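K.L.:
Residue numbers (the working numbering): 1 to 156. Below is the structure I would like to discuss, written out as structure tokens.
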């Protein structure tokens with residue numbers, strides 16, 4: 001690293017990155033555009049378009065997409081998303097045709113792998129599909145052409 005990269009500079013850069021994640025995901029519309037297609041895929045899976053033998057879905061991608069995904073779920077804590085972070089969706093069937101979902105986040109540092117269950121708003125520990133989909137209803141089915149053409153940039 002260059003000589004001028006001190007611990008203080010690193011802390012300041014991490015803070016800028018953290019604030020950038022918060023800014024990028026502070027409105028549902030932004031989150032919808034950043035993670036809407038991912039939520040579309042998740043809803044498709046939850047609506048039964050998945051193999052009965054596959055009940056765990058792991059999403060590991062760029063930090064900005066993980067932050068948008070967590071923001072869309074309303075569980076983003078504002079901290080920088082580390083490398084190799086992932087969000088895990090586990091599908092459970094409690095009774096005939098009643099499916100539930102656990103959502104877990106993993107974060108790693110140099111020494112540890114930390115996994116914790118995410119508490120989705122308006123859900124119990126296991127979230128019923130219908131409640132889960134209702135929570136993200138405003139983020140799915142992005143109409144790219146229509147929505148992107150509606151953005152007006154005001155300038156000089």
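Where is the CB? At the ideal position from N, CA and C, for every residue including glycine. Computed from a predicted structure; not experimentally measured.
1. Does the Cβ-Cβ distance between residue 87 and residue 105 come in under 8 Å?
2. With a cut-off of 8 Å on the beta carbons, I'd call residue 138 and residue 32 a contact; round off their distance for me.
3. Per DSSP, residue 108 forms a beta bridge with which residues?
4. Would you call the CB atoms of residue 72 and residue 22 closer than 8 Å?
5. Hey, could you find the ends of the beta strand (DSSP E) residue 3 is sitting in?
6. Would you mind working out which of 60, 70, 141 and 136 sits nearest residue 108, comparing C-alpha positions?
7. At which residue ranges does the region 20–92 contain complete beta strand (DSSP E) runs of 3 or more residues, listed in the order of the chain?
P.N.:
According to the data block:
1. As a working note, residue 87 is residue 87 in the chain shown. As a working note, residue 105 is residue 105 in the chain shown. Contact annotation: residue 87 and residue 105 have beta-carbon atoms nearer than 8 Å.
2. Taking the chain shown and counting its residues from 1, the one referred to as residue 138 is at position 138. Taking the chain shown and counting its residues from 1, the one referred to as residue 32 is at position 32. Rounded to the nearest angstrom, the Cβ distance from residue 138 to residue 32 is 7 Å, consistent with a contact under 8 Å.
3. On the chain shown, residue 108 is found 108 positions in, with the first residue counted as 1. Within the DSSP secondary-structure output, residue 108 pairs in a beta bridge with 113.
4. Reading the chain shown from its first residue, position 72 is the one you call residue 72. Reading the chain shown from its first residue, position 22 is the one you call residue 22. Cβ distance not < 8 Å, so residue 72 and residue 22 don't count as in contact.
5. Taking the first residue of the chain shown as position 1, residue 3 is located at position 3. That residue, residue 3, is in no beta strand (DSSP E); it is neither H nor E in DSSP.
6. What you label residue 108 is simply residue 108 of the chain shown in a count that begins at 1. A check of alpha carbon separations from residue 108 across 60, 70, 141 and 136 identifies 60 as the nearest.
7. Note on the region 20–92: whole beta strand (DSSP E) runs with a minimum of 3 residues are 56–59, in chain order.
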